[in-house]
Each structure stands twice: as structure tokens, then as C-alpha cells.
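In order, the protein sequence lines correspond to chains A and B.
Take the first sequence: its letters are residues 1454 to 2113, numbered as in the working numbering.
Take the second sequence: its letters are residues 2 to 281, numbered as in the working numbering.
This report refers to the structure that appears directly beneath it.
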Amino acid sequence: MRALLFISFILLGNLLWADCDPYLKKANSARLANYKIDVTLDHVTKCLEAEQVLTWINHSPEPVDALRFYMYQNAFKNTETTFMQSAEGDVFGENPADRPAEEWGWIDVLSAIQNGQELINDSRYVHPDDNNTMDETVLEIPLASPVLPGDTLVLDMVWSEKIPKIFARSGYERENFYNMVHWFPQVGVWEQSPEGTWRWNCHQFHRRTEFFGEFGNYDVNITLADFLVTGASGCETNNVDNGNGTKTVSYHCEDVIDFAWCAYPHFKVVEDDWEHVHIRLMVAPEHKHLAPRLIGAAKNSLSYMAEHVGEYPYTSLTILDPPMLGLKSGFMEYPTYITGGSFAIFPKGVRTLESLIAHEFCHQYFMGMVATNEKEEPWMDEGFVTYHEDKIMEAMYGDDGSLFNILGYKVNNASFSRHEYVSLDNPSCGAIARTGWEINDGFKGITYSKTATMFKTMEGMLGEDEMVRLMQSYFAKHRFSHPRGPQFIAHVKEHVGQSSNPNAMGDIDRFFEQLVYGVDILDYSVTNISYFIETSDRGYVNNGENRDFVEGVKSEKIKSKILVHRQGGVVLPVDLRVTYEDGTQETVAWSGEENTKIFIFENDTKVITAEIDPEYKLYIDVNLNNNSLTLEPKKTPSLKIGSKMMYWVHNLIQGFGIFI
Amino acid sequence: MRAVSNIVKGFKRSFRFRRVAGYIMLIQAGLSVLVALLSINYVNTSIGQSTNLMKIIEGYNHDVFQDLLLYESTGWEMIKTLIALTVFVYLMLGPLISGGLFNAYHKESDHWNVFWKGGSRFYFSFLKLNVLILLILLICAGIIGFGAITFATHGLENFVSEVPVLIGVGVALFVAILFGIYLVSVSARIKWQMIENDDKRVWANFRLGLKNLKNKRMYLVVLGFLFLLLSAVVAFFSNALINCIPESGFALMLLAFVIQILVLFFKVFLRNAYQAAIIE
Chain A
1454 MRALLFISFI LLGNLLWADC DPYLKKANSA RLANYKIDVT LDHVTKCLEA EQVLTWINHS
1514 PEPVDALRFY MYQNAFKNTE TTFMQSAEGD VFGENPADRP AEEWGWIDVL SAIQNGQELI
1574 NDSRYVHPDD NNTMDETVLE IPLASPVLPG DTLVLDMVWS EKIPKIFARS GYERENFYNM
1634 VHWFPQVGVW EQSPEGTWRW NCHQFHRRTE FFGEFGNYDV NITLADFLVT GASGCETNNV
1694 DNGNGTKTVS YHCEDVIDFA WCAYPHFKVV EDDWEHVHIR LMVAPEHKHL APRLIGAAKN
1754 SLSYMAEHVG EYPYTSLTIL DPPMLGLKSG FMEYPTYITG GSFAIFPKGV RTLESLIAHE
1814 FCHQYFMGMV ATNEKEEPWM DEGFVTYHED KIMEAMYGDD GSLFNILGYK VNNASFSRHE
1874 YVSLDNPSCG AIARTGWEIN DGFKGITYSK TATMFKTMEG MLGEDEMVRL MQSYFAKHRF
1934 SHPRGPQFIA HVKEHVGQSS NPNAMGDIDR FFEQLVYGVD ILDYSVTNIS YFIETSDRGY
1994 VNNGENRDFV EGVKSEKIKS KILVHRQGGV VLPVDLRVTY EDGTQETVAW SGEENTKIFI
2054 FENDTKVITA EIDPEYKLYI DVNLNNNSLT LEPKKTPSLK IGSKMMYWVH NLIQGFGIFI
Chain B
2 MRAVSNIVKG FKRSFRFRRV AGYIMLIQAG LSVLVALLSI NYVNTSIGQS TNLMKIIEGY
62 NHDVFQDLLL YESTGWEMIK TLIALTVFVY LMLGPLISGG LFNAYHKESD HWNVFWKGGS
122 RFYFSFLKLN VLILLILLIC AGIIGFGAIT FATHGLENFV SEVPVLIGVG VALFVAILFG
182 IYLVSVSARI KWQMIENDDK RVWANFRLGL KNLKNKRMYL VVLGFLFLLL SAVVAFFSNA
242 LINCIPESGF ALMLLAFVIQ ILVLFFKVFL RNAYQAAIIE
């Protein structure tokens, strides 16, 4: 009988969760911050009313007497918040100061009860980053009694929110489009600082960085108008018609650092599966024809990351492809929930659509599972993600036009990342390792692209297979924890030290010191090739009447002189390869330490080509064209360029010629 | 059907006047070769000795071009200026070309003297007419463009989907193109009329031309549309053909170059055929 009941239970469970099983087979994280939220959306007034139960575990050896919460909807309360101030009058091309009263938003915690005792009256907004008293994005709630080490706090909260019209990602748009992210009071991270003291890490909301959360489980019940179609992090576990024009949709999500959801009456839902993962695409009807591309990109990303980085333990992935009116909600990542950005006409050769999905999906790994602090170390997620995005795209579409392949214009993702870095007005504008709020210039070019290009350089030095093993071991070691930059560097040292070529990266500390913490650029160049035949013992000998001219001995070898320069401040070991006239090649190593160095090669024939870094391992070199030199200029390529230019200019004037 | 048969007649006439096509081709090539020479010089003097340059033999290479434009931007700016100048000079030579072409058609002779005399005699009249036509085109394109932008802005702020905006902008573009080809036809007809009557007065011929063309509007639009369609087909197939050639060595590059020249020459014939069909 018991066996029958057990089998029935299993079968029932399988039927209930046929599409998306919300319960993971095992707990992956410590689940320190768990939420049960009952929220009601009033789509007329654009308000949320919610009851929230936070169950928080003190995992530290110190008692905790106050909690800090992210109250990020308050970033959209007025023009004086830290978010708006750092936006400097431009959020996605809009000046926030132009907004009418009804489009602003805020969140208020009305009640917070610990063991029957109301705490909210003693709460206060704090401003740990900039002392901006107008900023209310971090709320500190003192506790009635401290949470002792290992103890669990249950905090019953009531809060209300006026949803802003979307400034950036979070809020509503016309036609009842909602993307609800950073929408509830979320507890910060109680962590041990590098100095060893325990503290709250709960930064204010700045313009460019958003994530640092504690892992936990979420049970969210959303009551809203029954004409709205919803999607969210995790799996839908229940959907009840309340009979009054509303419904309550329930979601459950485990081992995540955040929770997001969306609603829109016109969503088309396209569902698919990849192994154990249920993919749910919430797509605007006019973009539905793009569903195969969007889901295909998601599946390829899942496949690549599972094989090259580590297992995706979640059972769901929700993709929001917003309508044009909600585009400001796009291009983002939340646990098991990503947002894309598309347009009704999207040529197949323009793969920014797929690249975006790959990028946002990779965030499930870097900041989703390896939950680094995006505010303090944005490179630790955006840089890792951009590198893997490039790898996924090149695995999907090859390395000949993975990002753009249209009318002969072919650009690879890695090349585009390097382009974004080297074409900055000043590629030395700042170090990769800076807090999000310190970066005023070249945020994407440095944080995303320089970091990705640095990883590509590491890959070149270590070899692709070793780089995969490095990322796999890093992910395995730090998943569901909060590593910092120095821990990653320590891991690289340990991993490379144990690899078959421990010196492949040279001095690893120096590598990161220069490229992550420094601002200098890498630029090697070959500036001259010349050659001569040495003649020895030639000239006058003896004195006086015995002075005699000796013809000397002409060497049978030719000496070739190669002049190389290091024009940037970054020093990395590199190879110099020369090709002799007879086709043979010789490669020598150069430490790169000297600003200028002369290499002499002696051979039967002269050197006709010299190439620094001939295998393009050091992809972060800001000018690859000056890495090599030939003794004589190559005419064929320039003739080709000339012929093409003539063709296109001829076409151009013929086009204009129609009008004359 | 009339448009199709006239295009066929136009082609026959165009091929009969091969030398005229040759003169036009020479003028165009003479201008575009300047850009080619400057480009060759630019590449040779900047990265001509880099092995990286060999990568572009296989096709477009983003790293090579990006670094070239980034670190050798001065030369590229010169090329861009020269391209703009080339287009301007060609537009200024336009009246000479159309005057020469129509005079050759009129005199039934493709001798250089006939071409040159027609072009030089009507140069300033045709230049004035071109400016007038261009002004009308710009004003109308401006009105259509303003309407399209207003519609698109309103649509993106108020419609649920961007599809109606795309359709609206597409329709506006289509109307602008149709209007453009109609004006091209009007311009050609008036020029033909001026040459036939040996009358250099611009404004009087413009008015008379518009009056005479009242019943031919649809025909001219269809003809123009047919020409655009043929041009698109030629562009598609010629690019496909050129892209087929790997250009990995000098011989293949030469082959590609010859095909390019033949394609361009054919396009001159096509344009002359269109002009001939307009005046049929």
C-alpha cells in the first residue's frame, strides 16, 4: 500500500510539474535569504501592495542587530537620487526631469514585525556610498533582538509601491506592459570583509550596476487582472481564477539571488525544452516569428555553458522579448529570467539578437551562480560573460562572421569586443578593476570588452583546452558563493601552476596587475628589417712600409637585423618569428621588457618577414597591424583594395548619375 | 507591355551606340580610378609591409580594417573627401553626358564630335534643369520624409507594435522612389525635347514638358520601376558572381577586376537603354 502511495505521489508530481519542476533535486546554496511574497498589482493605479515574509539565517559568528534592504524602486522617486544624479540627465536618451508626476515611482515599507514587535518606526535610510540624503535606496531596520550566530530571523513585512513608468528596466509601459525587477525590499549581503570584520554589503542603486544578493528560495504569489499574461523567475506552480476579474499566479524558485517577473496582455508564449530545462519565451506577437532564433540561441547557450563551464542546475529559463514599447526593459539578466531586445525586421546575418540572448544567459553563471558583487567588481560578471558570449557565438556560427555576416561584411564577436576596447577615445582611461560608480568613461569598452579581450589573451597563452579547464574549475569551486577578484586570480595561479605548462602566462600576478588593475596598453611592433653580409679581417694591417691592405673574408652567411619596439606599458612574454627567403622559419622568445630591442639572425638567406606574436595569442595588443613587417611591401592586397574601391565608387557615381 | 517593349527597344538603341557608352564609361572610370590610386597609396604607405594585410586577400577582416582606420585615420579622411569630390564632379559633368547621349540619339551618330557638341551646347541649360529637378526632388522628399518621421515618432509612442510604423515608412519610401523615378523621366523627356527642338530655354521647356507628359505619368512610373527592378537584378547577380571568385591570387583578382569592369559597362548600357526607352 505504501509503495502504491509512493508511486502515485511520484506520478502525480510528474503530472503536476510535467513542464517545469520547480523543486531542485538538491540544495545548491546555503539558502540564507528566503522570501514568501503575496503581491497584488493594481493595473489602474500602477501600484503594488504586498505582504512579505523574509526568513533570514545568520551564517556568521557575530550577532546581527539590524538588517539592510535594497529599496531600488526609490531610485525612481525624484531627480536627486544617486541613480538619477549619476545618470546626468540621460537615461536611455531621456531626461528624467521631463517626466510628469504620475510616471515616477517609489516603495515604502509600512510594517516590519519581528516576534510580534513592530520595527519600522526605528528604520532609517542609509547612504553608505555617497552620503546623498535624498537617496532612499538602502533601508536599515534595527532589530528588536539580535539574530545570534546560526539563528533564523523571520521578518513579516508589509510594503506598497508605486510602479514607475520604465526609466531603465523596471516598471510599466502603456498597454499594461510590466517588467518587475528590483521590485521588492531585498535584504543585502551579510559578509566578511577582506579585513575580516562582518558587515552589510548593501550598496545604493547606481546607474550602471545592480546585483549583489544572497541565495535563497522564493515563493511568490502574484494577484493581478486576469487578462495579463505573466512570466517570472522559476516555475509557475499554480494559477487560480479568483472570479472577480483577477487571478493569482504562483511561482517557486530555488537557489537564486533575485526574483523578477513580467506581465503583458498580448504576450505569445512559446515553450520548449532543453534536457531538464523548460524554456518559456514571452514574446510580443509581432516578434513571434523570431522565436526559433531566440530559443535556438538559448539552447545553444545552455549546451555550450553546460559543456564548457558547468551544469545549469535550474529547471527553467524564462526569456522576455519585449514589444517595442517596452524596449527599455530589455537587454538584462535576472536569475532564470532574461530579457532580450528585438525588432520585427531582423536580418538573419545580423546576429545581435542571438548574441544578446547568449550574453544574458551567461549571466546565469556569472553573477547568477558565481554571485560576484557587480557593484564593486562589475568586470567579474560582465567581463566573464562577454568572453563566454563570444565563445558561444563562435561555436554556433564559426569564427568567420559570427556576429555580422551580411553582404560580405563579416565580424566575429571576439573581434567586435576587441574593437569596442581599442577604439575607445582613450583605451587607458581606467583600470578594469573599479567599482561601478567610479567608472565614468568607457564603461562597456573597459568592463565588458577589455576584460573579454584579456580572457581571450589568456586563452591564447594557455591554449583553448586549458582555458576551458580553468573556467570549469573556477565555476565548480565558487558556484553559489560570492568570490572576489583576488580569489579568481589565486585560482588562476593555482590552476595554471598545476597545469602541464605552468609558465604559459609568465608572471601571473604581473599579468593581472597590468591588465586588470593597471591602465596601460599592450602594443608591440616590428619597425625595421635590414640585412648585411659580414666581412671579417678586412682593412689595413701593420704600420709604415709594411702597411698592407687585406681584402678579408666575406662571410657566407647573411645577418638580418630586426628592430622591435614595445610601445605600450604592458609587458607580456611574446614570440618573434622570422621567415627567411628560402621559406624556413625561426622563432625566438622575447620577454618584452625592453622598450626597443634588436634581434640578429644569421642564415644562408636573408629574413624577409618578421612577426611578433605570429599566432595572435596576445589579442589585447591594441594595434595588430604593426606586429609584423615584410622586407618588401606586398602589392597584391593593396591592389585588391584599390580595385574594390574603384568598383564601389564607380557604382556610387552611377547611382547618382540616374538623376542627371 | 508598352514599357517592356520600349525597354527592349531602348536596349537595342543603347547597344547600337556602343561608343557613347564607352565615352561615359571612360568618364566614370577616370574619376573612380583616382580614388583607387589614392586607396592603393594609402594602404601601401600605412600597412603595406604588414603580413596582416594578406588576411584581406581572403575577404573582409575586421581586425585589419579596424586597426588601419584607427591608427591611420588621416589617409582615410583624404579618401572620403576625394569620394565626395568625385561624386560632385560627376554631377557637374552630368549635363555633358546627358546632352551628349541625347544628341547622339537625335543625330543617329555615336561619333565623339556629336557627343561633345550636344553636351557642350546644352551644358548650362541642362545644368539649370538638373538643379531645378533636384530642388523639386529635395522639397518633395523632405515633405514625404517629414511625414514619415512624424508618423514613425507618433507610431512608436502610441502603437502597440512597430509593424505599422515599418509599413508606413516603407510606403513613404516607396512613394518617394516612385516620385524620384518619375522626375528622372520628366527630366530626360524635357532634355530630349530641348535637343529635338534645339531650344535651350529651361523654364519654357519645363512647363511644356510637364504639359506634354500629363497622359504619360503612369507609363513613366512603370518604366522607371522596371528600370529599378532590372538594376536590382543586375546588382544581385553581379555581386554574387564577383563574390564567387576567391581572389586568393593575382590571376583571380584580375579576373574579378575584369568582371567588375564588364558589370559596370553593362550598367552604363542599362542606364542608356532606360533613357532611350523614356524618349521612345
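Cβ coordinates follow ideal geometry from the N, Cα and C atoms, glycine included.
Bear in mind the structure is a predicted one, so any value in this text is a computation, not a measurement.
| Query | Result |
| --- | --- |
| Length of the line joining the Cα atoms of Val1693 of chain A and Asp1672 of chain A | 15 angstroms |
| Gly1684 of chain A - partner residues in DSSP beta bridges | A:Cys1715 |
| In DSSP terms, what Val1506 of chain A is bridged to | A:Lys1489, A:Asp1609 |
| Length of the line joining the Cα atoms of Asn7 of chain B and Ile98 of chain B | 22 angstroms |
| Through-space distance from His1731 of chain A to Phe1668 of chain A, alpha-carbon basis | 21 angstroms |
| Any chain A beta carbon closer than 7 angstroms to Gly156 of chain B | no |
| Contact with chain A by Phe258 of chain B, beta-carbon distance below 7 angstroms | yes |
| Cβ-Cβ distance between Glu2034 of chain A and Thr2058 of chain A below 7 angstroms | yes |
| Sheet register partners of Thr1534 of chain A (DSSP bridge) | Answer is none; Thr1534 of chain A lacks a bridge partner. |
| Proximity below 7 angstroms, CB of Val1634 of chain A to CB of Tyr1787 of chain A | yes |
| Any C-beta of chain B under 7 angstroms from that of Leu1464 of chain A | Its pLDDT being 45, under 50, Leu1464 of chain A is placed unreliably by the model, and the measurement read from it follows with that caveat. Judged by the 7 angstroms Cβ criterion, Leu1464 of chain A is not in contact with chain B. |
| Which listed residue (A:Tyr1476, A:Ala1678, A:Tyr1525) has its alpha carbon closest to that of Pro1617 of chain A | A:Tyr1525 |
| Cα-Cα separation, Pro1831 of chain A to Asp1725 of chain A | 32 angstroms |
| Residue span of the beta strand (DSSP E) that contains Lys2050 of chain A, given as start and end | 2049 to 2056 |
| Partners in chain B for Glu2034 of chain A, counting only beta-carbon separations shorter than 8 angstroms | Simply none; closest approach about 15 angstroms. |
| Where Val172 of chain B sits in the DSSP three-state scheme | helix |
| Contacts of Thr2083 of chain A in chain B (Cβ-Cβ under 7 angstroms) | Gln50, Thr52 |
| Start-end ranges of the beta strand (DSSP E) lying completely within the segment 1707 to 1789 of chain A, minimum 3 residues | 1714 to 1717, 1721 to 1727, 1730 to 1736, 1769 to 1774, 1785 to 1787 |
| Status (buried if at least 16 other CB within 10 Å, exposed otherwise) for Asn2079 of chain A | buried |
| Coil, strand or helix - Glu2023 of chain A by DSSP | The residue asked about is misnamed: residue 2023 of chain A is Val in this sequence, not Glu. Coil. |
| Host alpha helix (DSSP H) of Asp68 of chain B (start-end) | 63 to 72 |
| Interface residues of chain A facing Leu69 of chain B [CB-CB closer than 9 angstroms] | Asn2078 |
| Cut-off 6 angstroms between Cβ atoms - residues of its own chain near Val223 of chain B, not counting five sequence neighbours on either side | Ala4 |
| Span separating the alpha-carbon of Leu1458 of chain A from that of Thr1768 of chain A | Per-residue confidence for Leu1458 of chain A stands at a pLDDT of 49, beneath the threshold of 50, marking its modelled position as unreliable; the derived number appears in the next sentence. Approximately 26 angstroms, taken between the alpha carbons. |
| Ser1613 of chain A vs Glu1502 of chain A beta-carbon contact at 7 angstroms | yes |
| Residues of the segment 12 to 28 of chain B with Cβ closer than 7 angstroms to any Cβ of chain A, in chain order | none |
| Contacting residues, own chain, Cβ-Cβ under 7 angstroms from Lys1897 of chain A (five flanking each side not counted) | Glu1873 |
| Contact with chain A by Val9 of chain B, beta-carbon distance below 7 angstroms | no |
| Runs of alpha helix (DSSP H) wholly within the segment 1922 to 1979 of chain A (minimum 4 residues, chain order) | 1938 to 1951, 1961 to 1968 |
| Beta carbon proximity, Val1544 of chain A to chain B, threshold 7 angstroms | no |
| Expected contact under 8 angstroms - CB spacing of Ile2073 of chain A and Thr1906 of chain A to nearest Å | 5 angstroms |
| Classification of Phe207 of chain B by the beta-carbon crowding that lies within 10 angstroms, buried from 16 upward | buried |
| Contact with chain B by Glu2004 of chain A, beta-carbon distance below 7 angstroms | no |
| The segment 116 to 129 of chain B touching the segment 187 to 206 of chain B, judged by at least three CB pairs closer than 8 angstroms | yes |
| Bridge-paired residues (DSSP) for Asp2035 of chain A | Per DSSP, none; premise fails for Asp2035 of chain A. |
| Distance CB(Tyr1 of chain B)-CB(Leu27 of chain B) smaller than 7 angstroms | Given a span of 2 to 281 for chain B in the structure shown, any question on residue 1 of chain B remains unanswerable. |
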